[in-house]
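First the structure, in the form of structure tokens, and then the observations on it.
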Amino acid sequence: MSSDREMCGGPYGEVSECGDPAVFEVRRHNRSSLRVCPLHLGPSLLMGSGVLWPPEISLVGRP
133 MSSDREMCGG PYGEVSECGD PAVFEVRRHN RSSLRVCPLH LGPSLLMGSG
183 VLWPPEISLV GRP
């Protein structure tokens, strides 16, 4: 795996202390996509602003 992968932005897309690489991308309405790790995927769907419903989730990396 490459070391230049994007890091998890947490459920709100802000800088978080997670430190894990982003594995999923969650699309949002009129906002940039959330890039999250497996741990933050559920919270991002429940609490992230502008998350599309039904959610659009893409796999962008491997854990």
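Per the working numbering, the sequence shown starts with residue 133, numbered consecutively. Even glycine gets a Cβ: it sits at the ideal position worked out from N, Cα and C. All of these numbers come straight from a predicted model, not from anything done at the bench.
Would you kindly work out how many angstroms separate the C-alpha atoms of residue i and residue j, rounded to a whole number?
i	j	result
Met179	Tyr144	7 Å
Arg163	Leu184	11 Å
Leu177	Leu166	10 Å
Leu191	Ala154	9 Å
Met189	Ser181	Correcting the residue type first, residue 189 is Ile in the shown sequence and not Met. Cα-Cα distance, rounded: 15 Å.
Glu146	Pro195	20 Å
Strictly by DSSP, which residues pair up with residue i?
i	result
Glu157	Arg167, Ser190
Can you list, in chain order, the residues of its chain with a C-beta nearer than 7 Å to that of residue i? Leave out the 5 residues immediately preceding and following it.
i	result
His172	Cys140, Gly142, Pro143, Cys150
Pro187	Val158, Leu177
His161	Gly182, Leu184
Grab me the residues of residue i's own chain with a C-beta within less than 6 Å of its C-beta, minus the 5 sequence neighbours each way, in chain order.
i	result
Asp152	Cys140, Cys169
Phe156	Val168, Leu173, Ile189
Assuming residue i and residue j make a contact with CB atoms under 8 Å, what is their CB distance in whole Å?
i	j	result
Gly193	Arg137	6 Å
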